[in-house]
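Scroll down for the structure; my scribbles are underneath it.
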Amino acid sequence: MKGAGGRRGLATNLVPALFALLVGVLAVAAWTFHADIRRQIEDLGIANSDSTQWFLAQSEVEALALERAILLLRAEPGVPERADDVRRRFDIFYSRVQTLRTGQAFANLRALDGVAPVLDDLQARLEATVPLIDGDDAPLVAALDMLEARFGAALPLVRQVSLAGVRQFAGESDGRRQHVVLALFQLLMLVVPLFLVLVCTTVVLFVMGRAARVQTERIAAAGDQMRSLFDASTDAILFARPDGRVRGYNKAARRLYGYEPDEVIGGDLVELLTPPEQRGMARALLAGVQQGRARGEGAGAGVGAGAEVIQSTAQHKSGRIVPVEMSWAIASDRAGPLLVAFVRDVSRRVQQEAELTLARDRAVAGEKAKARMIAVMSHEMRTPLNGILGTLDLLKLTPLQPGQQQYLAAMEQSGRMLLRHVNDVLDASRAAGGATAGPLDPAAIVRGTVAGLQAHAQARGNRITVDVTGDHDGLLYGNATQIEQILVNLVGNAIKFTENGLIQVELDRSGGPGQVELRVSDSGIGIAEEDLSRIFDEFVTLCPTFDRTVPGTGLGLSIVKTLVEAMHGRIEVASEPGQGTVFSVTFDLPPATGPVPVPAPPAAVPTSGSRRVLVVDDNAINRLVVGDMLRLHGCEVTEAEDGLSGCGLAAARPFDLILMDISMPRLNGVEAARRIRQSGPNAATPIIALTAHAMPEDIARFREAGMERVLVKPLQLADLTAVLAARPALAGPSPSLVAGSSRLSPDLMDRIVCELRSGVGALAGGAGDRAALAHRLAGSAALGGFSGLHGALVRLEQALRGGADKGDTARQIADLSLQFDRCLGAGGLEPAENAAS
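Here our numbering is used: the first residue of the sequence shown is 62, the next is one more, and so on.
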């Protein structure tokens, strides 16, 4: 239908054009023939004096005049004027003959038969007479008889040429008359069609007049429809001239601006409807309309031709400012360019957006409050836990009765359980926060993580196996901490619900270069089918009664799900009660080209002589616990009760190590560390943050302030030992530590031995960052009193960090395994060195 209408419109436009072209061609042809006929008629009416015949007759007259002059000279030979008259008449006749012989106008005459020889003969006669004419009068008079005879014979020749010319002229005149007759006939042939065309024109104009009336009626109907749409539009529509005078104003505009049409039409658009702060832009827009351009459009674009929508404001009659969306375009009429503006009231949407923004801000504020609450909880709960657990660590080093040792073990177990709950809550808050990505080895992460959980599994009689399959073993790019945390929670969950069973950890990389699947299966109690849908919810323990046997906060699997979603992965679970559970995690990571980064070695703590340590903490119990732990290592301890006092002591004397609390009155630990780093005897002294703030952004802030490491409360003796032994070449275990190790409780010694056994096995298996693992095991060996094993671990760490040959490190690890077996004797729990002491 659209194509047919287009063709009809094209035909309607072409017919008048073709008709006008035909009439024009006929009119031009008629006018041309009319002009030609008029010219020919005028040519026919020209006098003979202007024709060739006149020239020929005049030539004969000049010949006779020459003959008469000769006769007059004969009659009066002594009169000089007569000779001059002969010469003048000769020259005139000579010129006539020359014109007849060479003139372009007489070319047709010369072409006639016999005319050219006659003219040549006349020329020859005249040329022969030239010497006499140009000579003196006497020879001229003497030759009068000859001249009379010569020119008397020339007169018939002149007459012959004249008669030939007359005949030619008569023929040409007859041809002209015939041509005029033909032209009149052709003109008639044009006039008749032109008359017919004019008749047809009358008919066509009549038909077109009727069509025009029909078209006018349709246009009027369309105009009525457009006016209806104009008034029915929900958007305000305005028409304005470039001078700002309003020419159109619909009902929506009346509602938006509050003015009646008669108040606005002819008024100034800028002054009436535009807020003061928008008037400059409105004037610039109208200036653009005057130049025939609008934003987003070319000159002369039609209404709505893709004008840009902008956010603006409008002014109500009452003075109220209304937020609007506005677009415009340029139209035109007989009076010139016209601005067409479309304005939409967006007050409701702006209000909704403001409400959404407020809701978002409240949510963000709630998240910040949650994070701050967690940070405060971390500090407020870890600070007393630091005093409790640290005191328990010190208490185990004193002589105790068997009953007291049991009480002490129960207290420590309860404290560690409370600490795990706090850590679970903090892990849940940090799970979706992300961390720095880098190259990683999934197999190394799996082996290293499982190695760290072996002791926990063995304590419940469980055995953990690791199986790595797949052809792809290249490094991947991702967040190693997230993968490790997923494994820790899944394997820890399996250990928690399995006793005297088997836990299998499988890493499958057969799906593709970057596809990783982790499966953790156990032979534990399993999960009922109706509970599978909610195990990933927060604080779901599936055993909320008072007699539950498995402790926990119910956050572990929720943390796993959050981490998997952050990695754009997928987690699935399959379980049957009494048959065990299988968790499967699948995710994709891009390949990495760089090596797995090796952590930088910690700052050195000088140990030659008595180490001077400054402890800055506002909590007296914390200072007591940390001070006693340091004194066990033979350190000289100086205490400060806040950051300001700590800065004063650090400015007065040098220290080998500074342990700095963070939240303190008068001056916090971050600012205190910055001041110490600026100048003084301890500007380069290692500063260790001792804090309950464990959020990643807090730790980053501590490091930025100049703190080398962060010890998170509650502080354990093993962690402090590892710090003091950060540079083993200078800081071996102090004699007091070795001597005191004989007083460690059996439970602590059992834990140390289990950690050493699993760690040495992980080193032999090539697990993860072996340098960091050797460093951690060296601290445990020092705490347990295994000085020989501690020295071997220190040397192994130095070799691994120094990039030693793989063969050398393999031999060191093999020697380390043999030494560990000798230390344990025949599987006993008492270290040989410790027993000897």
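Backbone N, C-alpha and C define an ideal beta-carbon position, used for all residues, glycine too.
Since we're looking at a predicted model, the values are computed, not measured.
- Item | Helix, strand or coil at THR41 [DSSP, three-state] | Nothing can be reported for residue 41: it is not among the residues displayed for the chain, which extend from 62 to 898.
- Proximity winner among ALA345, LEU330, ILE586, relative to GLN376 (alpha-carbon distances): The sequence position of residue 376 within the sequence shown is 315, counting from 1. Of ALA345, LEU330, ILE586, the residue nearest in Cα terms is LEU330.
- With contact counted as at least three CB pairs below 8 Å, one residue from each stretch, are the region 520 to 537 and the region 557 to 574 in contact? yes
- Item | For GLU338 and GLU324, the rounded distance between their alpha carbons | Looking up residue 324 in the sequence shown gives position 263. Looking up residue 338 in the sequence shown gives position 277. Those two C-alpha atoms are separated by around 23 Å.
- Item | Rounded straight-line distance, which links the Cα of VAL686 to that of ALA712 | The count along the sequence shown starts at 1 and reaches residue 712 at position 651. The count along the sequence shown starts at 1 and reaches residue 686 at position 625. Distance between the alpha carbons of ALA712 and VAL686: 25 Å.
- Message: Let's test the definition: count the other Cβ atoms within 10 Å of the Cβ of HIS694 and tell me whether it reaches 16, buried, or not, exposed.
- Response: As a working note, residue 694 is residue 633 in the sequence shown. Classification of HIS694: buried, given that the 10 Å Cβ count is 16 or more.
- Item | Status (buried if at least 16 other CB within 10 Å, exposed otherwise) for ARG672 | By one-based count along the sequence shown, residue 672 stands at place 611. Classification for ARG672: buried.
- Message: Excluding the 5 residues flanking VAL731 on each side, which residues of the same chain have their C-beta closer than 6 Å to its C-beta?
- Response: Working through the sequence shown from its first residue, we reach residue 731 at position 670. Closer than 6 Å at the Cβ level, and outside the excluded window around VAL731, lie ALA766.
- Inspect the beta-carbon positions of GLY213 and GLU128 and report whether they are closer than 8 Å. Residue numbering aside, residue 213 sits at position 152 when the sequence shown is read from its first letter. Residue numbering aside, residue 128 sits at position 67 when the sequence shown is read from its first letter. Going by C-beta atoms, GLY213 is nearer than 8 Å to GLU128.
- Can you tell me the Cα-Cα spacing of LEU216 and THR190, whole angstroms? Sequence index remark: in the sequence shown, residue 216 carries index 155 (1-based). Sequence index remark: in the sequence shown, residue 190 carries index 129 (1-based). So the alpha carbons of these two residues sit roughly 15 Å apart.
- Item | ARG929 - containing alpha helix (DSSP H), residue span | Because the chain in this structure spans residues 62 to 898, residue 929 falls outside the shown range and cannot be described.
- Message: What residue range does the alpha helix (DSSP H) around ALA185 cover?
- Response: As a working mapping, residue 185 is identified with position 124 in the sequence shown. ALA185 -> alpha helix (DSSP H) spans 176 to 195.
- Could you give the distance in angstroms between the alpha-carbon of TYR468 and the alpha-carbon of ILE506? Within the sequence shown, residue 468 is the residue found at index 407, counting from 1. Within the sequence shown, residue 506 is the residue found at index 445, counting from 1. Near 37 Å, if we compare the C-alpha coordinates of ILE506 and TYR468.
- Query: Under a three-way DSSP split, which group does VAL140 fall into?
  - Reply: The residue labelled residue 140 in the question sits at position 79 within the sequence shown. Of the three classes helix, strand and coil, the one that applies to VAL140 here is coil, per DSSP.
- Task: Just mark VAL86 as buried or exposed, buried being the case when its beta carbon has 16 or more other beta carbons within 10 Å.
- Result: As a first step, residue 86 must be located in the sequence shown, where it is residue number 25. VAL86 is exposed by the Cβ-count criterion.
- Message: What does the alpha-carbon distance come out to for the pair THR699 and VAL676?
- Response: Counted from its first residue, the sequence shown places residue 699 at position 638. Counted from its first residue, the sequence shown places residue 676 at position 615. Using only the alpha carbons, I get a separation of about 6 Å.
- Measure the C-alpha to C-alpha separation of GLU545 and PRO726 and round it to an integer number of angstroms. Walking along the sequence shown from the start, residue 545 turns up at place 484. Walking along the sequence shown from the start, residue 726 turns up at place 665. GLU545 and PRO726: Cα-Cα distance of roughly 37 Å.
- Query: What separation, rounded to the nearest whole angstrom, lies between the Cα atoms of ALA430 and GLY587?
  - Reply: For the purposes of this step, residue 430 is taken as residue 369 along the sequence shown, with counting starting at 1. For the purposes of this step, residue 587 is taken as residue 526 along the sequence shown, with counting starting at 1. Roughly 38 Å separates the two Cα atoms.
- Query: When the Cβ atoms of the region 130 to 138 are set against those of the region 177 to 184, are three or more pairs found closer than 8 Å?
  - Reply: no
- Query: How many angstroms separate the CA atom of SER584 from the CA atom of GLN640?
  - Reply: Numbered from its first residue, the sequence shown carries residue 584 at position 523. Numbered from its first residue, the sequence shown carries residue 640 at position 579. Between SER584 and GLN640, the C-alpha separation is close to 6 Å.
- Query: So what does ILE564 bridge to, in DSSP terms?
  - Reply: As a position in the sequence shown, residue 564 is number 503, starting the count at 1. DSSP lists ILE525, ASP583 as partners of ILE564.
- Query: Counting pairs of beta carbons, one from the region 550 to 557 and one from the region 511 to 522, are three or more of them closer than 8 Å?
  - Reply: yes
- Counting along the chain, where does the beta strand (DSSP E) carrying ALA375 start and finish? One-based indexing of the sequence shown puts residue 375 at position 314. Per DSSP, ALA375 belongs to the beta strand (DSSP E) from 371 to 376.
- Message: Residues in the same chain with beta-carbon distance under 7 Å from LEU317, minus the five sequence neighbours each way, listed in chain order, please.
- Response: One-based indexing of the sequence shown puts residue 317 at position 256. For LEU317, where only same-chain residues beyond five positions count, the Cβ hits under 7 Å are ALA297, ALA375, VAL383, VAL404, ASP406.
- Check the C-beta distance from THR752 over to VAL784 and give it rounded, since I have them as a contact under 8 Å. On the sequence shown, position 691 is the one that residue 752 refers to. On the sequence shown, position 723 is the one that residue 784 refers to. Rounded, the Cβ-Cβ distance is 14 Å, inconsistent with contact.
- Query: Along the chain, where does the alpha helix (DSSP H) that runs through ASP235 open and close?
  - Reply: The count along the sequence shown starts at 1 and reaches residue 235 at position 174. Segment 205 to 293, the alpha helix (DSSP H) holding ASP235.
- Query: Starting from PRO398 and walking both ways along the alpha helix (DSSP H), at which residues does that stretch end?
  - Reply: Here the question's residue 398 lines up with position 337 in the sequence shown. First-last for PRO398: 397 to 406, but that is the beta strand (DSSP E), not the alpha helix (DSSP H).
- Item | The alpha helix (DSSP H) enclosing ALA783, as first and last residue numbers | Counted from its first residue, the sequence shown places residue 783 at position 722. From DSSP, the alpha helix (DSSP H) with ALA783 extends over 778 to 785.
- Which residues mark the beginning and the end of the alpha helix (DSSP H) in which SER388 is found? Working through the sequence shown from its first residue, we reach residue 388 at position 327. Element bounds for SER388: not the alpha helix (DSSP H) but the beta strand (DSSP E), 382 to 394.
- Nearest-angstrom Cα separation, counted from ASN743 out to GLU858: Locating residue 858 in the sequence shown gives position 797, counting from the first residue. Locating residue 743 in the sequence shown gives position 682, counting from the first residue. Each residue's Cα considered, the two are about 28 Å apart.
- Could you give the distance in angstroms between the alpha-carbon of LEU290 and the alpha-carbon of GLN351? Within the sequence shown, numbered from 1, the residue matching residue 290 stands at position 229. Within the sequence shown, numbered from 1, the residue matching residue 351 stands at position 290. Going by the C-alpha atoms only, they are around 27 Å apart.
- Item | PHE558 - DSSP class collapsed to helix/strand/coil | Here residue 558 refers to the residue found at position 497 of the sequence shown. PHE558: coil per DSSP, three-state reduction.
- What number of angstroms, rounded off, separates the C-alpha of GLU626 from the C-alpha of ALA860? To locate residue 626, count along the sequence shown from 1; it is residue 565. To locate residue 860, count along the sequence shown from 1; it is residue 799. For GLU626 and ALA860, the distance between alpha carbons rounds to 39 Å.
- Message: Using the three-state DSSP reduction, which class does PHE763 fall into: helix, strand or coil?
- Response: Taking the sequence shown and counting its residues from 1, one reaches residue 763 at position 702. In the structure shown, PHE763 sits in a helix (DSSP, three-state: H, G or I).
- Who are TYR538's beta bridge partners in DSSP? In the sequence shown, the residue the question calls residue 538 occupies position 477. Note: TYR538 sits in a beta bridge opposite PRO500.
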